[in-house]
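Protein sequences, first through last, are from chains U and D. The first sequence begins at 1 in my numbering and counts up by one. The second sequence begins at 1001 in my numbering and counts up by one. Using N, Cα and C, we set each Cβ at its ideal position, and we do this for glycine too. Here the structure is a predicted model, which is why all the values come from computation and not from measurement. The structure appears right after this line, and notes come after that.
Protein chains: 2
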Amino acid sequence: MSSYFTRGSDHTAFAGAKFTKADLAQGAHLFAGLNCFEPGQSQAVHAHEGVDKFYLVLEGKARMRVGAEEMDAEAGTLVWAPAGVPHGVVEALERSVMLVGMSR
Amino acid sequence: MSSYFTRGSDHTAFAGAKFTKADLAQGAHLFAGLNCFEPGQSQAVHAHEGVDKFYLVLEGKARMRVGAEEMDAEAGTLVWAPAGVPHGVVEALERSVMLVGMSR
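Rendered as structure tokens:
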């Protein structure tokens, strides 16, 4: 198995109790992972000090919040959460898959 | 216009001469952008010291190289290029769009 090439679809998983997280890759400076939500699931608004983060919605639609802004983000939307700015998933409106990139 | 929410499709652009790059977001620690390739276009193999990077192929198919490995990467493939490891796009096999995440 290659350590450089990964199919995202091999790492999607959904659970009834809570959204799931999967690590795709990580190094000294950067992390890449997937967050998978069933409709109605959420991620509490939180912030990372000193860490920038983005989500790219790959499938589905979710109500996302960053700072004081909310958007119903569909596939193809990049959601940017700069270091220290509170962000989260208010509610997945459909079954949703998001790529997450974070500095480390 | 929101500074937190961006549609990737608003930033795709193709050019006959060379693959194109677009910035989607950047902070003190992280960068997100798009690379768009016409079939046959390439990105020379290169390395970033102290910077981790990934590509996520969003559309199309491209022959990607990281270190000594090559793969014809289709939509949904994450390509991980750790700091210092040479990487590039040997040849886009189809019109291709890639999300790029890089530490800063």
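query                                                                                                            : result
Contact under 8 Å by Cβ, R65(U) with G88(U)                                                                      : yes
Rounded C-alpha distance that separates E91(U) from A81(U)                                                       : 17 Å
Sequence-distant residues of the same chain with beta carbon closer than 8 Å to T1012(D), five excluded per side : A1022, L1034, C1036, V1097
Alpha-carbon spacing of L58(U) relative to A1075(D), whole angstroms                                             : 11 Å
Secondary structure of G84(U), DSSP reduced to three states                                                      : coil
Selection of the region 1076 to 1092 of chain D by Cβ proximity to chain A, strictly under 9 Å                   : Of the protein chains in this structure, namely U and D, none is chain A.
Under 9 Å by beta carbon: chain U residues contacting E1069(D)                                                   : S2, S3, Y4, F5
Expected contact under 8 Å - CB spacing of F1054(D) and L1078(D) to nearest Å                                    : 6 Å
Local conformation of G1008(D) per DSSP, three classes                                                           : helix
Straight-line gap, Q1026(D) to S1003(D) (C-alpha atoms, nearest Å)                                               : 11 Å
Residue range of the unbroken beta strand (DSSP E) whose run includes D52(U)                                     : Counting along the chain, D52(U) falls outside any beta strand (DSSP E), and DSSP gives it neither H nor E.
Within-8 Å CB hit, A28(U) to chain D                                                                             : yes
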